[in-house]
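S.K.: In my numbering, the protein residues as written are 2 to 985. C-beta: ideal position from N, C-alpha, C; glycine also. Remember, predicted model here, so these are calculated numbers, not experimental data.
#1: Pick out the complete alpha helix (DSSP H) segments inside the stretch 389-441, 4 residues or longer, and give them in chain order.
#2: Cβ atoms of residue 854 and residue 678: under 8 angstroms apart, would you say?
#3: Runs of 4 residues minimum, wholly inside the stretch 523-561: which ones carry the alpha helix (DSSP H) assignment?
#4: Taking 8 angstroms as the limit between beta carbons, can you name the residues of its chain near residue 731, skipping five residues before and five after?
#5: Within 10 angstroms of the Cβ of residue 816, are there 16 or more other Cβ atoms? Answer buried if so, exposed if not.
#6: Starting from residue 24, trace the beta strand (DSSP E) both ways and give me its first and last residue.
#7: Compute the beta-carbon to beta-carbon distance between residue 105 and residue 63, rounded to the nearest angstrom, for a pair I have assumed lies under 8 angstroms.
#8: Measure from the C-beta of residue 192 to each C-beta in chain B and report whether the shortest distance is under 8 angstroms.
#9: Just tell me which of 761, 538, 645 has its CA closest to the CA of residue 630.
#10: Since residue 108 sits in a beta bridge, which residues does DSSP pair it with?
#11: Scan the stretch 252-319 and note each continuous alpha helix (DSSP H) run of 4 residues or more that stays entirely inside, going in chain order.
#12: What does a CB cutoff of less than 6 angstroms around residue 266 pick up in its chain, not counting 5 residues either side in sequence?
#13: Should residue 906 be labelled buried (16 or more other beta-carbon atoms within 10 Å of its own) or exposed?
#14: Express the C-alpha separation of residue 553 and residue 646 in angstroms, rounding to a whole number.
#15: Run through the stretch 667-709 for me and flag every whole alpha helix (DSSP H) of 4 or more residues, listed as ranges in chain order.
#16: Excluding five sequence neighbours on each side, which residues of the same chain lie with their C-beta closer than 8 angstroms to the C-beta of residue 821?
#17: Starting from the Cα of residue 513, find the closest Cα among 937, 592, 828 and give me that residue.
#18: For residue 827, which residues from the same chain have a beta carbon less than 6 angstroms from its beta carbon, with the 5 sequence-adjacent residues on both sides left out?
#19: Which partner residues of residue 859 appear in the DSSP bridge assignment?
#20: Could you check if residue 988 is buried or exposed, using at least 16 other CB atoms within 10 Å of its CB as the buried criterion?
#21: Which residues does DSSP list as the beta-bridge partners of residue 832?
#22: Give me the Cα-Cα distance between residue 515 and residue 857, rounded to the nearest whole angstrom.
#23: For residue 569 and residue 17, I'd like the C-alpha separation in whole angstroms.
#24: Is it the case that the Cβ atoms of residue 802 and residue 876 are separated by a distance below 8 angstroms?
#25: Tell whether a beta-carbon distance below 8 angstroms holds between residue 605 and residue 521.
#26: How long is the line joining the alpha carbons of residue 453 and residue 981, rounded to whole angstroms?
#27: For residue 783, verify whether its CB is less than 7 angstroms away from any heavy atom of the ligand ADP.
#28: According to DSSP, residue 42 sits in a beta bridge with which residue or residues?
#29: Can you give me the C-alpha to C-alpha distance between residue 419 and residue 445, rounded to a whole angstrom?
#30: Got a sec, what are the start and stop residues for the alpha helix (DSSP H) residue 578 sits in?
#31: For residue 900, which residues does DSSP report across the bridge?
#32: Who are the near neighbours of residue 250 in its chain, counting only those whose CB is closer than 7 angstroms to its CB and skipping five residues on each side?
#33: How far does the beta strand (DSSP E) with residue 786 in it reach, from first residue to last?
#34: Give me the DSSP bridge partner(s) of residue 972.
#35: In chain order, what residues of the same chain have a beta carbon less than 7 angstroms from the beta carbon of residue 878, not counting five sequence neighbours either side?
#36: Please report the Cβ distance between residue 407 and residue 396, rounded to the nearest whole angstrom; I am assuming they are in contact, meaning their Cβ atoms lie under 8 angstroms.
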């Protein structure tokens with residue numbers, strides 16, 4: 002695709018290919034073969050950008066490129082046009098008082114209402130107050146529709162005038178003379194003419210200026226040589242141009258214009274030899290980049306190999322064309338080095354890195370979250386606003402019910418600033434500015450509640466749901482939040498996509514046990530693509546008058562970008578033909594072929610199990626008919642809470658629209674694990690092609706497991722932190738899929754209609770576990786409560802823990818499995834914590850070891866089942882928050898036997914002979930003299946004490962067994978975490 006790299010440039014220049022386009026500024030037609038410039042804007046119809054074209058003379062009245070490096074294709078223009086564009090940009094950047102065009106970007110006036118907001122401090126500008134505007138050319142709306150006014154308080158403008166690039170005196174401001182004499186005098190005293198300071202590097206030391214040799218003379222000569230050939234080639238037919246390419250073993254281009262560009266380049270400078278990375282003949286010149294390969298590194302990833310001066314061979318002309326065209330007969334091929342504009346290339350590299358940092362480094366940590374910024378935070382409001390937007394968030398003036406958090410200070414809470422009062426009224430958490438430093442670790446929703454410094458705050462997830470409505474409703478660039486999975490209607494065993502509007506009159510066609518339904522994905526991090534395509538063949542429910550439709554939907558995951566089409570078909574055969582044709586066009590595979598292969602540049606089928614999504618049951622009155630004890634009823638309803646499962650996966654940025662919970666294929670999840678393992682090994686390797694291979698891993702992973710990143714570029718899987726994060730996500734996905742399968746199995750079971758069963762009893766039976774309540778005040782309860790309180794470590798004091806209930810757990814078959822280990826010495830009662838949403842799987846299936854496909858990242862002592870003798874160490878793995886404070890923990894009898902003791906990380910695959918478990922020895926441990934032995938099982942409930950003789954990397958003990966049979970779950974504890982909001 003010739004425009005693949007062009008999308009990296011915010012602007013584009015070329016010679017018009019036709020006279021169909023109109024100028025976005027003057028609305029008049031742009032003639033063919035004249036210089037035109039465009040701003041690249043997001044298409045509302047597909048996952049990609051499209052050009053908004055301007056006459057070259059109109060472009061700079063509406064757009065403001067920062068430098069020549071922002072404009073793609075410049076080096077492929079005629080020399081005089083390159084120079085014209087450079088001079089235009091230089092005139093915009095000089096601001097020496099002579100540029101009337103730049104002064105028009107500013108304006109001062111009295112505020113006409115109370116509706117405007119200061120772009121510097123984010124506070125309201127009062128009606129009648131003097132305000133100053135600098136036109137905004139950079140926002141998505143400004144690029145699409147033209148510049149918008151960005152207003153500032155007078156004092157804010159004065160304080161930020163260097164950032165706003167205003168160095169003139171006040172009387173040069175347009176609108177100055179409309180102010181009163183008093184305000185003119187006041188304004189002149191505050192805005193005096195000043196010299197522009199040297200530009201400093203924002204972070205670190207000033208950049209070293211690299212002396213660039215002036216090669217303009219040689220480049221001008223080469224440019225004239227190239228266009229001399231290009232102009233002559235334009236007289237050839239399309240077939241003749243393609244014949245020239247084929248004769249030199251070159252791939253055809255996508256348009257006559259790009260064909261002429263490529264031929265002119267290879268005839269002037271020589272034909273690049275095949276790429277040394279992918280062995281293809283796809284190396285072409287890219288302005289601002291160099292010679293770049295556009296071949297396929299793998300079926301998932303483009304090559305993107307870049308050369309400054311690739312090895313070349315001489316271009317040859319076929320004899321028949323020599324006879325036809327005299328200039329081709331005279332042509333003598335040669336190899337020469339194409340000289341680049343080094344300054345342009347250096348500027349382009351900086352601009353590209355800055356752009357990628359803004360899109361990728363943030364990784365959408367605050368995607369679909371809205372924040373309000375208070376006053377007196379110790380950092381510039383503009384910097385705070387930049388960080389929020391950098392991480393994918395948005396800023397609003399005042400806290401509302403839909404706001405994720407107010408960024409403020411404890412002093413502001415004490416002083417009850419207006420924004421603090423609004424936050425309290427709407428139950429919005431207040432977080433310190435340091436929140437923005439911590440959010441790069443991920444888990445922003447959890448972090449808001451964890452870092453809150455206010456004693457109030459409602460459910461963050463619920464507030465985000467409100468926020469998503471406002472974002473999707475008002476954002477023209479097409480970003481929207483998706484706070485839950487789509488409402489699905491299952492008919493005849495398959496879900497009909499609701500966007501078809503045929504849910505209540507048609508069903509998915511089934512033929513030979515196969516539903517004609519497909520969900521396709523295409524991810525390419527190098528281009529920022531995260532696209533989907535959905536396809537269904539629908540058959541009417543009316544059997545007397547059969548109708549058939551082919552439905553398709555496409556767009557970017559997690560946004561409103563895209564479209565749909567419902568095509569009525571004359572017959573079933575007609576519908577099948579259309580469905581098969583579209584599927585083959587999009588995937589490169591035949592429908593129904595076993596083991597679909599990934600074809601370069603094509604979509605890939607997401608493996609889902611049709612009809613496995615279950616309708617969330619109405620739990621109103623659930624348990625009223627059950628004979629189970631009320632605490633057990635409450636527990637069962639909690640661990641099968643479908644909405645809680647969805648919320649936990651949304652935190653991981655999973656796309657529940659394309660991949661509803663019940664449709665997740667275990668095989669595809671395991672494939673995802675394999676990709677993570679491959680990426681983890683690559684990170685530790687010295688492979689010279691590491692970056693490209695990690696890009697390939699990332700493309701595969703996000704294709705297998707669809708994610709919702711909104712408009713952000715999916716983050717590269719290039720460090721152990723993100724590998725661990727995604728591995729945790731897949732672990733949760735497997736646990737929740739297991740819970741869904743349990744519910745689905747129960748839903749499908751035939752029951753005796755005479756038995757009026759309560760839904761809680763059905764869920765309870767699915768667990769295949771005998772659960773009972775330990776009476777509060779009993780000796781057993783008191784022992785467990787003492788163990789819990791004594792082993793709450795001093796380093797985990799950001800919360801207190803209330804013990805609400807203790808349940809005995811007897812998993813059917815587990816005691817029998819554990820029986821051989823009952824005779825093993827050194828058995829302890831130890832803690833294990835996990836997310837609440839994982840407990841349906843844990844109770845029904847027991848504690849399990851990570852699958853072999855899972856990466857080794859995060860397992861300090863190998864893949865096993867981990868336990869602790871310090872309660873709070875395990876409690877941290879419950880991942881609770883002030884808005885979700887209920888956590889569940891296990892106490893398990895663990896047969897440890899002879900322990901392999903270690904003081905630092907060592908990935909265990911096989912234990913040494915004679916050892917039954919591993920102990921990561923911590924510097925602190927429960928006082929062994931206070932341990933209690935009950936039924937030959939040690940309960941290490943002593944207060945934590947420091948053993949100064951132990952030199953270890955671990956603060957507390959960890960116990961690991963590598964055989965699930967060594968574990969017997971004894972108790973489940975229901976706890977409430979009381980977080981200390983104002984803890985110093």
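M.R.: Taking the geometry as given:
#1: 411-416, 419-426, 436-439
#2: yes
#3: none
#4: 670, 673, 674, 677, 706, 855
#5: exposed
#6: Run containing residue 24: none; DSSP gives neither H nor E here.
#7: Rounded, the Cβ-Cβ distance is 12 angstroms, inconsistent with contact.
#8: Absent from the structure is chain B; it holds one protein chain and no more.
#9: 761
#10: 134
#11: 257-270
#12: 286
#13: exposed
#14: 29 angstroms
#15: 667-685, 691-705
#16: 966
#17: 592
#18: 897, 898
#19: Partner(s): none; residue 859 has no beta bridge.
#20: Residue 988 lies beyond the residue range present for the chain, which begins at 2 and ends at 985; the question has no answer from this structure.
#21: 869, 892
#22: 37 angstroms
#23: 38 angstroms
#24: yes
#25: yes
#26: 9 angstroms
#27: No copy of the ligand ADP occurs in the structure displayed, which carries no ligand at all.
#28: 51
#29: 25 angstroms
#30: 573-588
#31: 918
#32: 282
#33: First-last for residue 786: 780-791, but that is the alpha helix (DSSP H), not the beta strand (DSSP E).
#34: 809, 892
#35: 834, 835
#36: With 8 angstroms as the limit, residue 407 and residue 396 do not qualify as a contact, their Cβ atoms being about 11 angstroms apart.
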